[in-house]
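Each protein sequence line maps, in turn, to chains A and B. Reading the first sequence from the start, the letters are residues 109 to 528 in this note's numbering. Reading the second sequence from the start, the letters are residues 109 to 528 in this note's numbering. Every residue gets a Cβ at the ideal spot worked out from N, C-alpha and C, and that includes glycine.
2 protein chains.
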Amino acid sequence: MTRKNAFYAQSGGVTAVINASAAGVIETARKHSDRIGKVLAGRNGITGALREELIDTSLEDEATIRALLHTPGGAFGSCRYKLKNIDESRREYERLIEVFRAHDIGYFFYNGGGDSQDTAFKISQMAERMGYPIQCIGVPKTVDNDLPFTDCCPGFGSVAKYVATSTLEASLDIQSMCDSSTKVFILEVMGRHAGWIAASGGLAGKEPGEAPHIIIFPEHPFDREAFLARVDDCVKRYGFCVVVASEGAQYEDGRFLSEAGPRDAFGHAQLGGVAPTLANMVKQSLGHKYHWAVADYLQRSARHIASQVDLEQAYEVGKAAVEFALAGKNGVMPIIRRDSSSPYRWSIGEAQLNEVANQEKKMPIHYTTDDGFGITADCRAYLEPLIQGEAYPPFENGIPCRARLRNQLVEKRLKTAFDI
Amino acid sequence: MTRKNAFYAQSGGVTAVINASAAGVIETARKHSDRIGKVLAGRNGITGALREELIDTSLEDEATIRALLHTPGGAFGSCRYKLKNIDESRREYERLIEVFRAHDIGYFFYNGGGDSQDTAFKISQMAERMGYPIQCIGVPKTVDNDLPFTDCCPGFGSVAKYVATSTLEASLDIQSMCDSSTKVFILEVMGRHAGWIAASGGLAGKEPGEAPHIIIFPEHPFDREAFLARVDDCVKRYGFCVVVASEGAQYEDGRFLSEAGPRDAFGHAQLGGVAPTLANMVKQSLGHKYHWAVADYLQRSARHIASQVDLEQAYEVGKAAVEFALAGKNGVMPIIRRDSSSPYRWSIGEAQLNEVANQEKKMPIHYTTDDGFGITADCRAYLEPLIQGEAYPPFENGIPCRARLRNQLVEKRLKTAFDI
């Protein structure tokens, strides 16, 4: 068997646990040093390969690689960059081959969501189509939980735990103030096209009257009147109302609420913000005192409240990717299979990249209540296992510790630069 | 010695650890059952006393009271209600005396910030001015950290830890994406009049270039040009820029940034939001891709990332308040004294309520850098001890456990109701 170097890159929006997948890849590769030489990480994702900016992870000691397990963000840099088809952009693929050949790269691990798995699929075709032998394995990652085939996506469980916990905590706050102060609280969470993250807010409460009282999903057209009626009813019934709203909330005609919002002094559409838009409606129609929060990046980087299940799955898909490559596979992605919900048991399965690419898994209709404002018992049974366990990072001097990588680039071997 | 019941109430904005003060009061009172009968808690703060809605905490078992230590929000309900002076609103004080007499209340513990300590001071005068013997002790609490005399305020350390941690985590996220995506991130935090919370974001980084790169304090007039120049410089120098902005940020003329923001379709001022206002400036003047978050109530209810130091101090001021009362004191408030910064040592001191009331402690000028955008070593030395230790709550089924109180009211003894 020949020994080849591996390329690993992070792609798209990062998560609290994507670096755990990196650790899974690197630690597993190190265990197979007879087959895999160095793991070279793309600086800022695939653009690092195109620019020949390759981080030499072999210079990082064991403890530093282990520390990736508690480090949020993308340790090697990520990117938003989509490769076109081989036929459309032959120049890019030729450049990749040039770089891979110069650095003796035979394995390609691409850690990302739907768009990224599309890129990974294209790379996996390079051997066949362009004659450069490479095995390409996707490593799933996305807080949006919208990849097909896999039961869940590494990165999601931790956001879900953050959102459920934050919803619960803020609800206890509002509840204690509502008699004379804030009555409506709106938390905006991520999920442009799928309501998985918003749904996880529903785990904060179970009994009638427990918050959140309203969840707004992108899958359900937003009905202003129904929303306001429900808010008012909650305030009358419970004294307060907690709303978890997906950033992707949209009207029946497809307009996003965040776009339909207020305009600035120059008439420009105000930047995003489903929560302030909803708060405005409440204020103008009902007059209740409100507060709103937008969790934005805090939710997907909140490693301090990561789910232990999520962390383990993130590590295992990285590990499995290397094992797949060593088993001679190409164009596949390890997935999470749910073997049982209660007790929760999972294992690693396998999906074909050509089937994964560019598909979005939305919430099944039976996961939301008929009124479109809540989650069902089925949804709860799906979500609950994913937020189990508290994978606390170590702290030093009051704040979380993180891996401090050298991120040293290997010397360039090509004479030409590449413009992106 | 006669045995009297005690009244305890929570007032103003709640915190992640105000219930720890409640536990300190109740547990300490229970240890002195020869002197203190029941602790009756005001339902929704002082309004509970006026309405004769008194929660019988003696019905809660030991474990439930202990669970208050890990329960955010105000377990008995809080309120925003300010008593006027005795001369201006004799009716209210007469009602309080009526209720206290009916329930044999001889001790009054009021857990709140500056406004609340003003109320506590007025109550403490009732014995002398109105002939009803009561000992009133304030219990300090405020996330804003703006009470005088005390070195810090219970509630603040936990917000500070949340903000420092969140700033660090989000910064790692932005840093990994900035090459091809978001370059500017703005986190809006609380602190209407004082920049303590914003300052705590500064604990996320220490070395040059580490985030946050800009902190916006209410104490420093906001200079749009200087801000934008600094943002641009950071992006050029480090590739990204992280901003922590206080909700109280204001222009030289005193206008709040949140009020100077965009207007909706009807011309109404857009609801709050320093972060989106700053993001708009960045977009229009520099064109950088940005993201923003507004932590709002999440920060002050984030019990899951509470500071151990803060939790202990919150408990101890509750305990000390009861001990002060038993020592025959009136019109005082236990405070935190800093005996040493390194190593951090603190003890309980005492302040006079008449001196505490209605004073705000702003950040000292030497705690912010000359440019007004950062914190100094002195500030860091002050803040760091307050966020030490992770006081994790227990979790069940993936989310934090909280105290489940009965909150049963004692039977009313008065025939009259009281309108507030």
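Legend entry - Candidates B/G222, B/A334, B/H412 and B/Q460, of which the one nearest B/T179 by Cα: Of B/G222, B/A334, B/H412 and B/Q460, the residue nearest in Cα terms is B/H412.
Inset, instruction - Starting from B/R510, find everything on chain A with Cβ-Cβ shorter than 8 Å and list it in chain order. - result: Those within 8 Å of B/R510 in chain A are L276 and L280.
Legend entry - Contact belief for A/L176 with A/A128 at Cβ below 8 Å, rounded distance in angstroms: Indeed, because the Cβ distance is near 7 Å, the residues count as touching under 8 Å.
Inset, instruction - Tell me whether the beta-carbon of B/L365 lies closer than 8 Å to the beta-carbon of B/F330. - result: In this structure, B/L365 places its C-beta atom within 8 Å of the C-beta atom of B/F330.
Inset, instruction - Determine, using beta-carbon pairs with one atom in the segment 226-243 of chain B and one in the segment 430-441 of chain B, whether at least three such pairs fall under 8 Å. - result: Touching, yes.
Legend entry - Cβ of A/H412 within 8 Å of any chain B Cβ: It does; some Cβ of chain B falls within 8 Å.
Inset, instruction - Please check if any C-beta of chain B sits within less than 8 Å of the C-beta of A/R174. - result: With respect to chain B, the C-beta atom of A/R174 has no partner C-beta closer than 8 Å.
Legend entry - Beta-carbon gap between A/S232 and A/G439 smaller than 8 Å: Result yes, Cβ atoms of A/S232 and A/G439 sit closer than 8 Å.
Legend entry - Buried/exposed call for A/A130, threshold 16 Cβ in 10 Å: With 16 or more other Cβ atoms within 10 Å, it is buried.
Inset, instruction - Using the Cα positions of A/Q225 and A/M441, report the straight-line distance between them to the nearest angstrom. - result: C-alpha of A/Q225 to C-alpha of A/M441: approximately 8 Å in a straight line.
Legend entry - Backbone secondary structure at B/R300 - three-state DSSP: Reduced to three states, the DSSP call for B/R300 is coil.
Legend entry - For B/H399, three-class secondary structure by DSSP: In the three-state reduction of the DSSP assignment, B/H399 falls in the strand class.
Inset, instruction - Using a Cβ cut-off of 8 Å, pull out every chain A residue sitting near B/E498, in sequence order please. - result: Within chain A, the residues placing a beta-carbon under 8 Å from that of B/E498 are Y500 and F503, ordered along the chain.
Legend entry - As assigned by DSSP and simplified to three states, the class of A/I294: In the structure shown, A/I294 sits in a strand (DSSP, three-state: E or B).
Inset, instruction - Establish whether the CB of A/E492 and some CB of chain B are separated by less than 8 Å. - result: A/E492 counts as touching chain B.
Legend entry - Limits of the beta strand (DSSP E) - the one that A/I205 falls within: For A/I205, there is no enclosing beta strand (DSSP E); the enclosing alpha helix (DSSP H) covers residues R198 to A210.
Legend entry - Any beta strand (DSSP E) of 3 or more consecutive residues that is wholly inside the segment 450-495 of chain A: If we require 3 residues or more, the beta strand (DSSP E) runs fully inside the segment 450-495 of chain A come out as 452-460.
Legend entry - Where the beta strand (DSSP E) through B/K437 begins and ends: Unbroken run through B/K437: none, as it is neither H nor E.
Legend entry - Within-8 Å CB hit, B/F526 to chain A: No, because no Cβ of chain A sits closer than 8 Å to the Cβ of B/F526.
Inset, instruction - Would you tell me roughly how many angstroms separate the C-alpha atoms of A/T290 and A/F217, rounded to the nearest one? - result: Distance between the alpha carbons of A/T290 and A/F217 is about 49 Å.
Inset, instruction - Flag A/Q516 as yes when its Cβ comes closer than 7 Å to any non-hydrogen atom of the ligand FAD, and as no otherwise. - result: With respect to the ligand FAD, the structure offers nothing, as it holds no ligand at all.
Inset, instruction - Classify A/Q533 as helix, strand or coil using the three-state DSSP reduction. - result: In this structure chain A extends from 109 to 528, so residue 533 of chain A is not present and cannot be described.
Inset, instruction - Please look up how many angstroms separate the CB atoms of B/A422 and B/V125, rounded, as I've assumed it's under 8 Å. - result: Taking a contact as a CB-CB distance under 8 Å, the pair B/A422 and B/V125 counts as one, their CB atoms being some 4 Å apart.
Legend entry - Contact check, A/A302 vs A/K470, beta carbons under 8 Å: If you check the CB distance, A/A302 and A/K470 come in under 8 Å.
Inset, instruction - Can you grab the Cα-Cα spacing for the pair A/Y270 / A/G263, in whole Å? - result: Using only the alpha carbons, I get a separation of about 11 Å.
Inset, instruction - Alpha carbon to alpha carbon, how far is A/R408 from B/N152? Give it in angstroms, no decimals. - result: Roughly 35 Å separates the two Cα atoms.
Legend entry - Cα-Cα separation, B/I234 to B/L461: For the sequence presented, residue 234 of chain B should be read as Met rather than Ile. Whole-angstrom Cα-Cα distance: 14 Å.
Legend entry - Backbone CA spacing between B/F324 and A/A183 [nearest angstrom]: One point to set straight first is that residue 324 of chain B is Ile, not Phe, in the sequence displayed. Each residue's alpha carbon lies about 28 Å from the other.
Inset, instruction - Report yes or no: is there a C-beta of chain A within less than 8 Å of the C-beta of B/R188? - result: At a cut-off of 8 Å between C-beta atoms, B/R188 counts as an interface residue with respect to chain A.
Legend entry - Cα-Cα separation, B/D479 to B/A312: Approximately 19 Å between the Cα atoms of the pair.
Inset, instruction - Kindly indicate the opening and closing residues of the beta strand (DSSP E) around A/K344. - result: Boundaries around A/K344 are those of the alpha helix (DSSP H), R332 to Y346, since no beta strand (DSSP E) includes it.
Legend entry - Span separating the alpha-carbon of A/K112 from that of A/R203: Rounded to whole angstroms, A/K112 and A/R203 show a C-alpha spacing of 19 Å.
Inset, instruction - Answer with buried or exposed for A/E355, where buried requires no fewer than 16 other C-beta atoms within 10 angstroms of its C-beta. - result: Burial call: buried.
Legend entry - Contact list for A/R408 against chain B, beta-carbon separation under 8 Å: Those are D281, listed as they occur along chain B.
Inset, instruction - Name, please, each residue of chain B whose Cβ falls closer than 7 Å to the Cβ of A/K269. - result: Here the neighbours are G506.
Legend entry - Nearest-angstrom Cα separation, counted from B/F257 out to B/P248: About 11 Å.
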